[in-house]
Structure formats: structure tokens, C-alpha cells
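One structure is given here, and the rest of the page talks about it.
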Amino acid sequence: MSKKDLSSLELTDLTELMKQEGQPAFRAKQIFEWIHKRGVNTFSDMSNLSKELREKLEEKYSLANIKMVKKYVSKEDNTTKYLFDVGNDNIIESVLMSYEYGNSVCISSQVGCRMGCKFCASTIDGLERNLSAGEMLAQVYEIQKDIDVRISNIVIMGTGEPLDNYDNLLKFIKLINAKDGLNIGQRHITVSTCGIIEKIYDLVNEDLQITLALSLHAPNDDIRKQIVPTAKSNEIGDLLKAMKFYADKTKRRITIEYALIDGVNDSKDNALELTEKLKGIMCHVNLIPVNEIEERDYKRSNTERTNTFAEILKQYNLETTVRRKLGADINAACGQLRRSYKK
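Residue numbers (our numbering): 865 to 1207.
Below is the structure:
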């Protein structure tokens, strides 16, 4: 029987567990701070606990323990890509991006992905397993220890579909936001989804203040079905209705992610159609030059078509940015390094 992972427990649950072990409540807080404030991943390092308690914890419980196997630093912009082993040679990716406003980490929520998006390397080998909340947290903690600088923003946009790992996602958000942990504000957390409609509605009821980003990538269902297989069961009209409901209820502006693919979804007509679809939705459009991967023949839009697309959206009062391409020399796009490492 596998041991219970203490790094995935909220403080209230950890307190109850310590009570069952005959320990005072403050022990739970000590353990919680060791895990979530100091990033410790072994019980033996918890020096303010008795040796007897540390040995008991080691015997009965576990901590999320991921191992860095590769680190790549871009010579162009210092973007850093991490490959972590989460056990049984299961490899995940995380990315550190430095901006003027702070250090942002993009983390994975699953080992692999089953969504099947045609331009993404993460999904080529399918889904292997979900990550626990502790394993998601460990990516942030290990990177923070590596650079010895506080992480200020988190994007759950790496390998995997976060809403396909819903319960662990919620635990992660609560734990990273905990005042006795890193206490990263929910407004500094972005969750990216390719669109699981029922989970978007569920998320509305969680009373969170995170930013929700939708990987839309097309102005109509015909194009979207070519590149995002989940579109066959989630039509754009229903998807955008759910996103508008989220924005209206939470008063949080959503982000529309749109990967520009040459000759597929980057024409002027595509841009005009997109403006119609997004009318009345409190959103920001993030245009992304698609990352080219060897397993697919999609090519990114050229600069002229990208700029024209952006200008059309702006003319219709849609706040739009073109994502700065980071880490191009280290294959920082989702799934690329993980796949090449496994090969």
C-alpha cells in the first residue's frame, strides 16, 4: 500500500493527522512550513522535530520528491527549462521566465496529455498519469531553490490539461496560496485549458480569483476540429458561453490563447470572424507564434500576417498582445525537450 503524501495535504488535514498520531497541533504547522515554506523534501531535514517523530513519519508517510534530470538555460533571454523525473522514468517539464514584474514559472499538471492538440509535442505519446498536488508544488519549490529568488507568478500551462486533473489542481491552488506556505496570491496564478466545459462551470463555484486562459486557436468549429480534437465534443459557441459565464461571475478577465499557424487560422477573415466570436466577452487575446515541432508540418505565421491579425483585433477594441517568443534555442515549447530526452 502506498504511503500518504503529506505534501499534498492542507494544514487542517495535516493537523487532524498529527492529532491521530498523538501529536500537538503545532507539529502540523511545523511540518507544513518545512514542506511549503522551506521546500524540504525529506523528513530527516525537519530539524525541530524529534528524531523519534522523524523516523515515524519516514516509516508511515511520504513527501513529493521530484528529481531534476536536466536544466537548459537560453543564451538569448535566460529562459530556463527544467526536466524533472517524478518516478519510474516519468519526465515532466517546467519553465522559468524572468520579466520586469518578477519571476514566472510554467508548470506541468500531468505526465503527458490526452487532449491531442495537433501542434503540441506534449500529447504525442498520450497521458501516462496525473500529477499529485505535491508534485505540482515541488516544481515551484525546486526551481525557487535552484535560483534562490522568490517565484511571484505561476502558469499551469506545461504538459497536461489542468482541468483533466481537477481535484489535484484545486489542492495545488489552495496550498500555494496558503499563508503558512509561499502565500502566492491567486491573482498571480493562471490556469490554461483547451476547454472542458463542465469543469469550467465547476470552477466558477470554487470562489477563486485565478486567471482562466482558454486555448482557442481558431475562429470557428471547422478549423478548431482540425487542430484541437476535443473540439468535436465542445463547440466554440458553448465553450465561449462557459468562459463568459466565468468572467461575469468572477469579475476576472479571461485570456484567449491563439496559436497562429500559417495558412490554417491566420488570415484577415479569420481575425474578423474571431472579433465577432469574442464580442461582449471580458477578455485579453494572447497571439502565439506556433512552435514548430518535427512530428507535425505546421508552420508559424510570418511577422507580417501576425501583426496584421493583431491590428484587426485591436481595431475592434480587443486588447491584444503577441507573445514574446522565449527560449527558442532550448526548445522551450511544451513537450519538446521531454520528448527529445525520452528518445
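Cβ atoms here follow ideal geometry from the backbone N, Cα and C, with glycine treated the same way.
* For residue 936, write down the residues that DSSP places opposite it in a beta bridge. => 945
* **Euclidean distance between Cα positions of residue 1081 and residue 1183** => 16 Å
* To do: Using 10 angstroms around the beta-carbon of residue 1167, count the other beta-carbons present and answer buried if the total reaches 16, otherwise exposed.
  => exposed
* Going along the chain, which residues of its own chain have a beta-carbon closer than 6 Å to the beta-carbon of residue 1146, five neighbours each way excluded? -> 1111 and 1117
* With DSSP as the reference, label residue 918 as helix, strand or coil. => helix
* To do: Please classify residue 1185: does DSSP put it in a helix, a strand, or coil?
  => strand
* Spatial neighbours of residue 995 within its chain, please: CB distance less than 8 Å, with the 5 preceding and 5 following residues excluded, ordered by chain position. => 950, 956, 972, 973, 974, 975, 1024, 1029 and 1032
* Would residue 919 be called buried (16 or more neighbouring beta carbons within 10 Å of its own) or exposed? -> exposed
* Asked: Just to confirm, are residue 1048 and residue 1016 a CB contact at a threshold of 9 Å?
  -> yes
* Kindly indicate which three-state DSSP category residue 957 falls into: helix, strand or coil? => strand
* Buried or exposed: residue 990, going by 16 or more other Cβ atoms within 10 Å of its Cβ? -> exposed
* N- and C-terminal bounds of the beta strand (DSSP E) containing residue 1122 -> 1118 to 1124
* What's the C-alpha gap between residue 970 and residue 927? -> 22 Å
* Is the beta carbon of residue 1119 sitting closer than 9 Å to the one on residue 1148? -> yes
* What residues in its chain sit with their C-beta under 8 Å from that of residue 1038, if we drop five residues either side in the sequence? -> 874
* **Residue closest to residue 958, alpha-carbon to alpha-carbon, out of 1058, 979, 1002 and 1151** => 1002
* **Simplified DSSP state of residue 1023, which is helix, strand or coil** => coil
* To do: Using alpha carbons as the reference points, say which of 948, 967, 983 and 941 lies closest to residue 1126.
  => 983
* Contact belief for residue 1185 with residue 1134 at Cβ below 8 Å, rounded distance in angstroms -> Between residue 1134 and residue 1185 the Cβ distance is about 18 Å, and since that is not below 8 Å, they are no contact.
* Where the beta strand (DSSP E) through residue 993 begins and ends -> 991 to 994
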